[in-house]
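Student: One structure, pasted below without further comment.
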Amino acid sequence: MIVKPNDHFDTVIVGAGFAGMFMLYRLRALGLSARVYEAGNGVGGTWYWNRYPGARCDVESMQYSFSFSEELEQEWEWSEKYSAQPEILSYANHVADRFDLRRHIQFDTRVTSIAFDENANYWTVKTDRGDQISAQFCVMAIGCLSAA
Numbered sequence: 005m006i007v008k009p010n011d012h013f014d015t016v017i018v019g020a021g022f023a024g025m026f027m028l029y030r031l032r033a034l035g036l037s038a039r040v041y042e043a044g045n046g047v048g049g050t051w052y053w054n055r056y057p058g059a060r061c062d063v064e065s066m067q068y069s070f071s072f073s074e075e076l077e078q079e080w081e082w083s084e085k086y087s088a089q090p091e092i093l094s095y096a097n098h099v100a101d102r103f104d105l106r107r108h109i110q111f112d113t114r115v116t117s118i119a120f121d122e123n124a125n126y127w128t129v130k131t132d133r134g135d136q137i138s139a140q141f142c143v144m145a146i147g148c149l150s151a152a
């Protein structure tokens with residue numbers, strides 16, 4: 005398959021959890037193009053996937069918050085010192101909506117291969133949906149305990 009110009013991005017990010025969303029936010033602020041691939045149907049990473057009773061954070065909610073936007077810090081109020089999974093997931097969704105991140109994220113899509121082409125100096129990324137894109141940079145934001 006020939007990669008078309010609109011199939012090239014500065015960066016591809018794998019995972020739309022907290023790290024993936026932050027990376028997307030920063031890259032856009034720098035004027036760089038990015039595509040995020042997320043296996044799930046929503047943002048939040050571990051907080052999207054782990055919905056069992058009693059799931060909560062063992063870090064104070066304020067410490068778990070993004071600090072890149074003073075407005076975001078002011079508009080979100082945590083209900084508990086150590087928030088439960090539903091509230092953390094709501095926060096992740098709020099961030100995605102507040103900064104219009106979803107339009108750069110392709111949900112329900114797993115990356116099946118990533119290969120670096122040394123001659124062309126870019127990454128080729130393929131997905132289970134048949135996508136093939138190229139990118140100068142590749143960020144793996146799948147979480148340190150991911151089985152992916």
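Position 45, counted from 1, in the sequence shown is what this note's numbering calls 49; the numbers after and before it change by one each time, with no gaps. Backbone N, C-alpha and C define an ideal beta-carbon position, used for all residues, glycine too.
Please specify which runs of the beta strand (DSSP E), each continuous and at least 3 residues long, are wholly inside the stretch 79-137, giving them in chain order.
Tutor: Taking only runs of at least 3 residues, the beta strand (DSSP E) segments lying wholly in the stretch 79-137 are 115-121 and 126-131.
Student: Out of D104, Q140 and H108, point me to the one whose CA is closest to D121's CA.
Tutor: Within the sequence shown, the letter at position 117 stands for residue 121. Among D104, Q140 and H108, the Cα nearest to that of D121 belongs to Q140.
Student: On the CB-based measure, 16 or more other CB atoms within 10 Å of its CB, does T113 come out buried or exposed?
Tutor: Reading the sequence shown from its first residue, position 109 is the one you call residue 113. T113 is buried by the Cβ-count criterion.
Student: If you measure from the beta carbon of A23 to each beta carbon in chain D, is any gap under 7 Å?
Tutor: In the structure shown, chain D does not exist; there is a single protein chain.
Student: Around the C-beta of Y56, are 16 or more other C-beta atoms found within 10 angstroms, so that it is buried, or is it exposed?
Tutor: In the sequence shown, residue 56 corresponds to position 52, counting from 1. Classification for Y56: exposed.
Student: Taking only three categories from DSSP, how would you classify D62?
Tutor: What you label residue 62 is simply residue 58 of the sequence shown in a count that begins at 1. Residue state, collapsed to three classes: coil.
Student: Determine the direct distance from the alpha carbon of W51 to that of P90, and round the result to whole angstroms.
Tutor: In the sequence shown, counting from the first residue as 1, residue 90 sits at position 86. In the sequence shown, counting from the first residue as 1, residue 51 sits at position 47. Using only the alpha carbons, I get a separation of about 8 Å.
Student: Decide if S83 is buried, meaning its Cβ has at least 16 other Cβ atoms within 10 Å, or exposed.
Tutor: Translated into positions along the sequence shown, residue 83 becomes position 79. Exposed, because fewer than 16 other Cβ atoms sit within 10 Å of the Cβ of S83.
Student: Please go through the same chain and pick out, in chain order, the residues whose beta-carbon is closer than 6 Å to the beta-carbon of H12, but skip the five residues on each side of it.
Tutor: Stepping through the sequence shown from its first residue, residue 12 is reached at position 8. Contacts found: S138.
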